[in-house]
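Note that the working numbering has the sequence shown beginning at 3, numbered continuously upward.
We treat Cβ as the ideally placed atom computed from N, Cα and C, and that holds for glycine.
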Amino acid sequence: MRRIRIISVTSVADGAGRRYTHDQTPEVPEELAASWIAAGHAEPYTPRRSGKGGRQQATRTAPRNTAKKAAGATSSEAGKNADATEIEPSPGDKDDAVGDN
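See the structure below:
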């Protein structure tokens with residue numbers, strides 16, 4: 003038995019009813035592995051190595067200040083909206099009504 007990585011775009015079948023898709027790493031008999039490698043459907047299996055500590059490298063820096071303002075608002079619009087949305091108490095809320103039973 004030999005471990006290989008399937009690299010074909012479509013799936014390949016082993017003739018025994020099993021089908022393997024792209025990027026799977028099955029163990030198959032030596033002669034089947036050799037024929038699939040020769041045909042370009044597979045390559046010998048090599049473990050993929052990750053970077054330091056197994057962490058992936060970011061492709062861009064993550065945004066840090068998106069929670070401070072609304073989506074699409076400029077800094078001047080965000081300040082105007084914050085002042086205009088003061089919460090007023092409803093007419094039924096009175097401090098002296100609390101605790102009266």
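Mind the definition here: the segment 4 to 16 touches the segment 26 to 42 only if three or more C-beta pairs lie below 8 Å; say whether that holds. yes
Just to confirm my understanding: we take I39, look at its own chain, exclude 5 residues before and 5 after, and list those with CB closer than 8 Å. What are they? I6, E45, P46
Look at V14 and Y22 and say whether their C-beta atoms are less than 8 Å apart. yes
Coarse secondary structure for I8, derived from DSSP in three states: strand
Taking only the alpha-carbon atoms, compute the straight-line gap between R62 and E33 and give it to the nearest angstrom. 45 Å
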